[in-house]
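This report refers to the structure that appears directly beneath it.
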Amino acid sequence: MNPPLPPSSRYRLWPPRPALLAGLGATGLVLGVTAGAFAYAGGFLSPGRLTQTRIVDRFEAINGLHPGFRRNHAKGVCVTGTFESNGAGARLSRAGVFAPGTVPVVGRFAVGIGKPFLPDNETEVRSLALSFRPAGGEEWRTGMNDIPVFPVNTPQGFYALMAASAADPATGKPDPARLKAFLDAHPESARALGLIKARAVSSGFADARYNGLDAFRFIDAAGRSTPVRWSMVPLDPVVAQAPPPAGARDPNYLFDDLIARMATGPLRYRLVVTAAAPGDPTDDATVAWPEGREQVDAGTLTLDHVEAEGPGNCRDINYDPLVLPDGIAPSDDPLPAARSAAYSVSFTRRAGEEKTPSEVTVPPRPPGAASSETPRPATGG
Amino acid sequence: MNAPRFAFLSRLLHWLMAAMILAMLFIGIGMVSSLADYHWLLSIHRPLGIAILALAALRLVNRQLNPPPPLPADMPRAIRLAAHASHVALYALMFAVPLVGWAMLSAGGYPVVLYGTLQLPPILPLDVALYAVLRTAHTVLAFALFAVFLLHLAAALMHALVFRDGVLESMASLRPGRGGQG
Ligand code: HEM
Ligand code: HEM
Ligand code: HEM
């Protein structure tokens with residue numbers, strides 16, 4: 058130990074004493090380690106790691122940058138209505154939405170592409186996103202697609218499929234060699250894409266069946282957990298999509314048909330919850346559970362108002378699949394956590410951008426047009 | 021020797037919050053670059069951040085009731101000023117970072133879920149442009165907090181290793197009472 062320095066000289070830095078050099082060295086070392094650990098935790102030292110930022114960057118690289126729009130499912134329209142719970146879901150989940158009663162809903166129909174001005178076509182995935190908002194209760198958000206299974210079962214698979222199916226700038230079509238290489242490496246995706254291609258496509262948004270695809274867990278009042286998936290099943294009769302006419306289809310035919318259909322009265326869907334049997338995979342969205350699983354009809358969704366995306370309505374909602382009420386919990390499916398992370402990046406970017414009006418517009422209703430409900434103002438807040 | 025110390029409650033709050041804030045900085049930076057851990061980390065981040073906000077308020081009250089011990093009499097003005105300024109900055113950030121976190125989730129239309137059915141009310145109406153600004157502010161302020169923390173850590177080590185003036189001991193002590201009276 059050095060002899061104690063006379064008071065006040067202990068703060069002197071010059072001329073440097075041995076203790077000063079040793080202290081500076083130790084301090085520098087501790088700071089370096091702390092800052093290094095922070096950089097490591099933030100992924101700055103692992104550029105190869107797949108992150109939410111890189112996923113959203115790839116959406117932008119493939120689709121171009123469309124300010125203000127979602128990076129995926131970019132072309133859409135807002136709807137509102139109610140969910141009338143019949144109480145049957147309460148047996149599986151203690152969430153407030155499943156108690157008997159009526160809950161306001163803010164939803165969005167969209168097509169599963171990242172380009173907001175692309176003409177509608179027959180093959181696109183159609184989606185329905187919903188936010189259930191029980192008064193004074195906890196919100197439930199979900200995004201569902203009209204496909205029977207999801208093409209991938211991991212975010213890494215999603216990232217690879219995005220690149221493999223991106224249009225080659227030279228041909229405007231995906232490069233078959235790249236796609237084949239992906240499918241060879243991902244047999245689960247080859248199988249799932251086969252099922253998706255073979256699905257019966259409905260004539261439009263109104264008569265499509267929307268599937269949650271990811272597995273979640275319902276927790277009942279006693280704390281018992283049941284692995285589930287859910288779907289919105291249309292009450293409109295399902296009409297098979299006609300083959301495209303000889304002439305070109307109207308570029309917005311899917312949305313125009315939906316808006317015209319809603320002018321004649323509300324859309325209705327049944328919320329069907331499917332419970333897994335022991336052994337059914339909950340971590341693989343490419344695999345459908347076998348037929349014959351227990352199904353619970355939890356109630357009826359009624360959508361009675363449609364409007365273009367705008368301030369404060371569905372445009373400004375992040376349909377994060379992990380905004381869940383108590384009584385619904387994630388499973389070991391890796392997709393919802395990855396979706397939650399990536400949707401947050403997409404939402405944050407589009408929230409900060411200048412808004413471009415959507416391609417989808419809703420014409421004002423002619424006076425006296427048939428409608429069972431009065432249009433309501435946006436309830437986005 | 022019975023050198024002056026921070027009151028026991030002040031020391032307890034200081035070290036408890038130091039651990040919590042450091043954990044929050046790592047959880048925050050970790051979750052925004054992790055697909056698998058994002059959700060569960062964020063579900064810790066919200067309640068832990070709100071707990072820091074509440075403890076910061078308690079700590080400010082405690083500081084009025086139990087003022088810090090005097091700094092060593094021979095400490096140069098520049099170091100005193102730096103110490104004071106960094107403590108003001110740390111207090112400001114202990115409030116600002118979690119408040120901005122709560123405000124940004126409010127403006128972004130998210131429910132502010134703490135645990136189970138326990139939720140906080142929004143403190144701002146839905147406004148996504150404001151959400152985007154606050155989201156950036158949360159990052160900038162959290163990084164500022166980390167930077168001031170590093171300076172604070174460096175200062176504490178310098179006090180202990182170079183100046184040897186008892187300042188670290190005034191906070192890093194397990195003895196009860198405030199000392200100083202003999
Ligand atoms: C890791 C896999 C996935 C990634 C990276 C991904 C990415 C995205 C992104 C970035 C958005 C835009 C979010 C926003 O800005 O609000 C989006 C929207 C959407 N995704 Fe996914 N997605 C994935 C899997 C899925 C799955 C499995 C489903 C269906 C069950 C799904 C259904 C939807 C729907 C319905 C929307 C539109 C929501 C709306 O209308 O706002 N996605 N997706
Ligand atoms: C002392 C308290 C807090 C600290 C030190 C802290 C720190 C951080 C850090 C370092 C990040 C990553 C920023 C980036 O790299 O972009 C972050 C993100 C975030 N924080 Fe905090 N935070 C605190 C409190 C809160 C609170 C109270 C809330 C909400 C109630 C909150 C909500 C969030 C959210 C939602 C994100 C971003 C998630 C995303 O963008 O996907 N934070 N925080
Ligand atoms: C994020 C972490 C930390 C925060 C936010 C923080 C904050 C503060 C604040 C605001 C004070 C002023 C006294 C008060 O009102 O409580 C203080 C004092 C002090 N802190 Fe920290 N601190 C942190 C971590 C640390 C660490 C890791 C060390 C030591 C290695 C340390 C050592 C000290 C010492 C020695 C004092 C007394 C300074 C004096 O007497 O003026 N702190 N800290």
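In order, the protein sequence lines correspond to chains A and B. The first sequence begins at 58 in this note's numbering and counts up one residue at a time. The second sequence begins at 21 in this note's numbering and counts up one residue at a time. All C-beta atoms, glycine included, are put in the ideal place defined by N, C-alpha and C.
* What separation, rounded to the nearest whole angstrom, lies between the Cα atoms of A:S150 and A:P294? -> Here the question's residue 150 of chain A lines up with position 93 in the first sequence. Here the question's residue 294 of chain A lines up with position 237 in the first sequence. Straight-line Cα distance between these residues: approximately 29 Å.
* State the beta-bridge partners of A:S188 as determined by DSSP. => Looking up residue 188 of chain A in the first sequence gives position 131. According to DSSP, which records beta bridges pairwise, A:S188 is partnered with A:V163, A:R198.
* Asked: Would the C-beta of A:I374 count as close to ligand 2, meaning under 6 Å from any of its heavy atoms?
  -> Along the first sequence, read from residue 1 onward, the residue named residue 374 of chain A stands at position 317. Answer for A:I374: no, Cβ out of range of ligand 2.
* Give a yes or no on whether the minimum CB-CB distance between B:F26 and chain A is below 7 Å. => To locate residue 26 of chain B, count along the second sequence from 1; it is residue 6. B:F26 does not count as touching chain A.
* Looking only at its own chain, which residues have a Cβ that is under 7 Å from the Cβ of B:P67, when we skip the five neighbours before and after it? -> Start at 1 with the first residue of the second sequence, and residue 67 of chain B comes out as number 47. Correct list, in chain order: L134, Y135.
* **Given 8 Å, three or more beta-carbon pairs between the stretch 344–352 of chain A and the stretch 153–172 of chain A** => no
* **Any non-hydrogen atom of ligand 2 within 6 Å of B:W122 CB** => Residue mapping note: residue 122 of chain B aligns to position 102 of the second sequence, counting from 1. At least one heavy atom of ligand 2 is nearer than 6 Å to the Cβ of B:W122, so yes.
* To do: Quick one: grab the DSSP three-state call for A:M289.
  => The residue you call residue 289 of chain A lines up with position 232 of the first sequence. If DSSP states are grouped into helix, strand and coil, A:M289 belongs with the strands.
* Asked: Using a Cβ cut-off of 7 Å, which residues of the stretch 73–102 of chain B contact any Cβ in chain D, in chain order?
  -> In the displayed structure, chain D is absent; the protein chains listed are A and B.
* Asked: What residues match up with A:P284 in a beta bridge as DSSP calls it?
  -> Position 227 of the first sequence holds residue 284 of chain A. A:P284 is bridged to A:R274.
* Terminal residues of the continuous alpha helix (DSSP H) containing A:T211? -> One-based indexing of the first sequence puts residue 211 of chain A at position 154. Element bounds for A:T211: n/a, residue is neither H nor E.
* Answer yes or no: the CB of B:M44 versus the heavy atoms of ligand 3, is any distance below 6 Å? => Locating residue 44 of chain B in the second sequence gives position 24, counting from the first residue. It does not: the Cβ of B:M44 is nowhere closer than 6 Å to a heavy atom of ligand 3.
* Heavy atom of ligand 1 less than 6 Å from the Cβ of A:R128, yes or no? -> Within the first sequence, numbered from 1, the residue matching residue 128 of chain A stands at position 71. Result yes, Cβ under 6 Å from ligand 1.
* **Cβ contact (3+ pairs, closer than 8 Å) linking the stretch 371–379 of chain A and the stretch 318–325 of chain A** => no
* State the CB to CB distance for the pair A:R74 and A:Y216, rounded to an integer number of angstroms; the pair is presumed to be in contact (CB under 8 Å). => Stepping through the first sequence from its first residue, residue 74 of chain A is reached at position 17. Stepping through the first sequence from its first residue, residue 216 of chain A is reached at position 159. Their Cβ separation, rounded to whole angstroms, is 56 Å, which puts A:R74 and A:Y216 out of contact at 8 Å.
* Pairwise C-alpha distance: A:V209 and A:S142 -> Reading the first sequence from its first residue, position 85 is the one you call residue 142 of chain A. Reading the first sequence from its first residue, position 152 is the one you call residue 209 of chain A. Cα-Cα distance, rounded: 32 Å.
* Is the distance from the Cβ of A:V419 to the Cβ of A:E364 below 7 Å? -> Within the first sequence, numbered from 1, the residue matching residue 419 of chain A stands at position 362. Within the first sequence, numbered from 1, the residue matching residue 364 of chain A stands at position 307. In contact: A:V419 and A:E364 (Cβ atoms closer than 7 Å).
* Asked: Does ligand 3 have a heavy atom nearer than 6 Å to the CB of B:F169?
  -> Along the second sequence, one-based indexing puts residue 169 of chain B at 149. Result yes, Cβ under 6 Å from ligand 3.
* To do: Using only alpha-carbon positions, find the residue among A:F174, A:S401, A:R281 that is nearest to A:D307.
  => For this step, residue 307 of chain A is matched to residue 250 along the first sequence. Of the listed residues, the one whose Cα sits closest to A:D307 is A:F174.
* Between B:L170 and A:L88, what straight-line distance do the alpha-carbon atoms span, to the nearest angstrom? -> For the purposes of this step, residue 170 of chain B is taken as residue 150 along the second sequence, with counting starting at 1. For the purposes of this step, residue 88 of chain A is taken as residue 31 along the first sequence, with counting starting at 1. In a straight line, the C-alpha of B:L170 is about 6 Å away from that of A:L88.
* To do: Verify the contact flag: A:V363, CB atom, against every heavy atom of ligand 2, threshold strictly below 6 Å.
  => For the purposes of this step, residue 363 of chain A is identified with residue 306 of the first sequence, where counting begins at 1. Result no, Cβ not under 6 Å from ligand 2.
* Neighbour flag for A:T228 against chain B, beta carbons, 7 Å -> Sequence index remark: in the first sequence, residue 228 of chain A carries index 171 (1-based). With 7 Å as the cut-off, A:T228 does not count as an interface residue toward chain B.
* To do: Take A:A272 and list the residues in its own chain whose beta-carbon comes closer than 6 Å to its own, dropping the five residues that flank it on each side.
  => In the first sequence, the residue the question calls residue 272 of chain A occupies position 215. For A:A272, where only same-chain residues beyond five positions count, the Cβ hits under 6 Å are P284, R286, T339, S388, D390.
* Figure out for me which residue from B:L42, B:M51, B:H59 has the closest Cα to the Cα of A:G100. => Here residue 100 of chain A refers to the residue found at position 43 of the first sequence. With distances taken between Cα atoms, A:G100 lies closest to B:M51.
* DSSP three-state call for A:I385: helix, strand or coil? -> As a working mapping, residue 385 of chain A is identified with position 328 in the first sequence. Note: A:I385 maps to strand in three-state DSSP.
* Round the Cβ separation of A:R127 and A:R407 to the nearest angstrom and send it over; I've been treating them as touching at under 8 Å. => Against the first sequence, residue 127 of chain A aligns to sequence position 70. Against the first sequence, residue 407 of chain A aligns to sequence position 350. Their Cβ separation, rounded to whole angstroms, is 6 Å, which keeps A:R127 and A:R407 in contact under 8 Å.
* Asked: At which residues does the beta strand (DSSP E) containing A:Y326 begin and terminate?
  -> For the purposes of this step, residue 326 of chain A is taken as residue 269 along the first sequence, with counting starting at 1. From DSSP, the beta strand (DSSP E) with A:Y326 extends over 324–332.
* When the Cα atoms are used, what is the spatial distance from B:P88 to B:A109? -> The count along the second sequence starts at 1 and reaches residue 88 of chain B at position 68. The count along the second sequence starts at 1 and reaches residue 109 of chain B at position 89. In a straight line, the C-alpha of B:P88 is about 16 Å away from that of B:A109.
* To do: Quick one: give me the first and last residue of the beta strand (DSSP E) that B:V132 is part of.
  => Position 112 of the second sequence, counting from 1, holds the residue named residue 132 of chain B. Here the beta strand (DSSP E) through B:V132 covers 132–135.
* To do: Say yes only if the C-beta of B:Y111 is nearer than 6 Å to one or more non-hydrogen atoms of ligand 1, and no if none qualify.
  => Locating residue 111 of chain B in the second sequence gives position 91, where the first residue counts as 1. For ligand 1, not one heavy atom lies less than 6 Å from the Cβ of B:Y111.
* A:V402 in three-state terms, based on DSSP -> Here residue 402 of chain A is taken as the residue at index 345 of the first sequence, counted from 1. A:V402 falls in the helix class under three-state DSSP.
* Going straight from the alpha carbon of B:A175 to that of B:L73, what length do you get? -> Stepping through the second sequence from its first residue, residue 175 of chain B is reached at position 155. Stepping through the second sequence from its first residue, residue 73 of chain B is reached at position 53. Straight-line Cα distance between these residues: approximately 25 Å.
* Asked: At a cut-off of 6 Å, is A:R318 close to ligand 2 when judged by its beta-carbon and the heavy atoms of the ligand?
  -> Here residue 318 of chain A refers to the residue found at position 261 when the first sequence is read from its first residue. Outside the cutoff, so no.
* Going along the chain, which residues of its own chain have a beta-carbon closer than 6 Å to the beta-carbon of B:R79, five neighbours each way excluded? -> By 1-based counting over the second sequence, the position of residue 79 of chain B is 59. Around B:R79: L33.
* Under 7 Å between the Cβ atoms of A:A320 and A:L392? -> Taking the first residue of the first sequence as position 1, residue 320 of chain A is located at position 263. Taking the first residue of the first sequence as position 1, residue 392 of chain A is located at position 335. Going by C-beta atoms, A:A320 is not nearer than 7 Å to A:L392.
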